[in-house]
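To convert, take the position in the sequence shown, counting from 1, and add 783; that gives our numbering.
Encoded as structure tokens, the structure appears first; notes follow it.
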Amino acid sequence: MWVIKQHAATAGIFSSKCEQLVDVPPGTEKVVCDQCILLKQNGSLKTALNKEYVAGDNVKYIPASLMAQDLFHSKLKNYEELQYLNTLVEKHSRTGYQDFWTSLAVQAKCGFFGNMDAFQGLVKAVAVQTKCEAAGKALNGMQFDSYFYGFLTTMAAMSPAAAKYFLQDSFGWSLRSMRNQCQINGGQIEDGIVLTNFKRVAKYIEDLGYNGPLALASDQTACVKSLRSHNGHLVGAQGGDLPFLTGEELSALVKKFTTNNQLCSKVGSPIIF
């Protein structure tokens, strides 16, 4: 097998078994490893070099196994806009990739990335990072766009290893921090009787300005069918609050409502909390 690399720094044809590190005698400008030299005798490489490069509709005839080896290249072949942007990046412009960002902005205004939320989030995150660095600000506590957060969570769901590599070499939350953010932003209740659950619910109630009776349920799907009590009254039954004095009366009321299917069809948010 052989690999063609088009990046300016490492452009060339390499063997898949390339040794990568070789001893270079003094005074020698270029040294090729033994595995790459053997490619001169490879008939498939000679045949490939004498054929036209696959483009347009002919891309669909490339075996899926070959496309899967380089996912970036496979996407590059299907989108002409990405090919153009990739060409601009490889030029290594001294003006800070001005041509690349200008072309990207034009494509964005044309709506090419309208359905690519994850890509939008990544670009916005890079823009925020650049703005902070230009102003001499630290990146600690940098606010993430919701699109970028979606990009990170999607990557983590598809491949935790890829997400971990991205976070280590670029920027972003760790997988543990992402789970914590999901729990905080999503209002998830932890299993069991945990103090943090009560603190979270109390914070919601404080924000709502409510000071009435509460019923905390760990499973929201069962809230409608769950009966709670407050100050000697049955809360959640049709027809308003019903008083009871003993446990036997409460059991009879519960049996009556469940047997006749007279539970509330709707439960107010304070009761759900």
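Glycine is no exception: its CB is placed at the ideal position from the N, C-alpha and C atoms.
| query | Quick one: what's got a C-beta closer than 7 Å to Val786's C-beta in the same chain, skipping five residues either side? | reply | Residue 786 sits at position 3 when you count from the first residue of the sequence shown. Hits under 7 Å: Phe797 and Ser799.
| task | May I ask which residues mark the beginning and end of the alpha helix (DSSP H) holding Ile796? | result | If you number the sequence shown from 1, residue 796 lands on position 13. Premise fails: Ile796 lies in the beta strand (DSSP E), Gly795 to Ser798, not in any alpha helix (DSSP H).
| task | Please report the residue range of the alpha helix (DSSP H) in which Ser1034 lies. | result | Locating residue 1034 in the sequence shown gives position 251, where the first residue counts as 1. First-last of the alpha helix (DSSP H) with Ser1034: Gly1030 to Thr1042.
| said: Tell me the DSSP secondary structure of Gln890 in three-state form. | reply: The count along the sequence shown starts at 1 and reaches residue 890 at position 107. Correct three-state label for Gln890: helix.
| request: Tell me Val786's beta-bridge partners as DSSP assigns them. | output: Taking the sequence shown and counting its residues from 1, one reaches residue 786 at position 3. Phe797, per the DSSP bridge assignment.
| request: Answer yes or no: do Gly1132 and Phe934 have a C-beta to C-beta separation smaller than 8 Å? | output: It is not possible to answer for residue 1132, since the shown part of the chain is limited to 784 through 1056.
| query | Would you call Ala1005 buried or exposed, if buried means 16 or more other Cβ atoms sit within 10 Å of its Cβ? | reply | For the purposes of this step, residue 1005 is identified with residue 222 of the sequence shown, where counting begins at 1. The predicted model places Ala1005 with a pLDDT of 45, which falls under 50 and marks its position as unreliable; any figure quoted below should be read in that light. Counting Cβ neighbours within 10 Å, Ala1005 comes out exposed, since fewer than 16 surround it.
| message | Taking 8 Å as the threshold (C-beta atoms), are Phe1040 and Leu1033 in contact? | response | Position 250 of the sequence shown, counted from the first residue, corresponds to residue 1033. Position 257 of the sequence shown, counted from the first residue, corresponds to residue 1040. In this structure, Phe1040 does not lie closer than 8 Å to Leu1033 by Cβ.
| said: At the level of alpha carbons, what is the spacing between His981 and Glu1031? | reply: For the purposes of this step, residue 981 is identified with residue 198 of the sequence shown, where counting begins at 1. For the purposes of this step, residue 1031 is identified with residue 248 of the sequence shown, where counting begins at 1. In the sequence as presented, His is not what sits at residue 981; that position holds Phe. Cα to Cα, Phe981 sits roughly 30 Å from Glu1031.
| message | Taking 7 Å as the limit between beta carbons, can you name the residues of its chain near Gln818, skipping five residues before and five after? | response | For the purposes of this step, residue 818 is taken as the residue at position 35 of the sequence shown. So the qualifying residues of the chain are Ser798, Lys800, Cys801 and Glu802.
| said: Can you list, in chain order, the residues of its chain with a C-beta nearer than 8 Å to that of Val842? Leave out the 5 residues immediately preceding and following it. | reply: Residue numbering aside, residue 842 sits at position 59 when the sequence shown is read from its first letter. Closer than 8 Å at the Cβ level, and outside the excluded window around Val842, lie Lys860 and Asn861.
| request: Output the residue ranges of the alpha helix (DSSP H) runs that lie fully inside the region 813 to 863 and measure 4 residues or longer, sorted by chain position. | output: 817 to 820, 826 to 832, 847 to 852 and 854 to 861
| Are there 16 or more other CB atoms within 10 angstroms of the CB of Leu822, so buried, or fewer, so exposed? | On the sequence shown, position 39 is the one that residue 822 refers to. Label assigned to Leu822: buried.
| task | Given a cut-off of 8 Å, decide if Cys816 and Val807 are closer than it, judged by their beta-carbon atoms. | result | Start at 1 with the first residue of the sequence shown, and residue 807 comes out as number 24. Start at 1 with the first residue of the sequence shown, and residue 816 comes out as number 33. No, the Cβ-Cβ distance between Val807 and Cys816 is not below 8 Å.
| said: Once DSSP output is grouped into helix, strand and coil, what is the label at Pro943? | reply: Taking the sequence shown and counting its residues from 1, one reaches residue 943 at position 160. Helix, per DSSP.
| request: Tell me whether Val805 sits in a helix, a strand or coil according to DSSP, three-state version. | output: Looking up residue 805 in the sequence shown gives position 22. Of the three classes helix, strand and coil, the one that applies to Val805 here is coil, per DSSP.
| message | I'd like the span of the alpha helix (DSSP H) that includes Val984, first residue to last. | response | On the sequence shown, residue 984 is found 201 positions in, with the first residue counted as 1. Taken as a continuous stretch (DSSP letters only), the alpha helix (DSSP H) holding Val984 covers Leu978 to Leu991.
| said: Applying the 10 Å Cβ sphere with the 16-neighbour rule, what's the burial state of Lys1008? | reply: The sequence position of residue 1008 within the sequence shown is 225, counting from 1. Confidence is the limiting factor: at Lys1008 the pLDDT is only 41, short of 50, which leaves the residue's position unreliable and the question unanswerable from this model.
| Alpha-carbon spacing of Arg983 relative to Ala908, whole angstroms | As a working mapping, residue 983 is identified with position 200 in the sequence shown. As a working mapping, residue 908 is identified with position 125 in the sequence shown. Between Arg983 and Ala908, the C-alpha separation is close to 29 Å.
| task | Taking all protein chains shown into account, decide if Met784 is buried (16 or more other Cβ within 10 angstroms of its Cβ) or exposed. | result | Here residue 784 corresponds to residue number 1 of the sequence shown, with the count starting at 1. When all chains shown are included, Met784 counts as exposed.
| task | Report the residue from Met899, Glu863 and Lys858 whose alpha carbon sits nearest the alpha carbon of Ser886. | result | On the sequence shown, position 103 is the one that residue 886 refers to. Cα-wise, what sits closest to Ser886 is Glu863.
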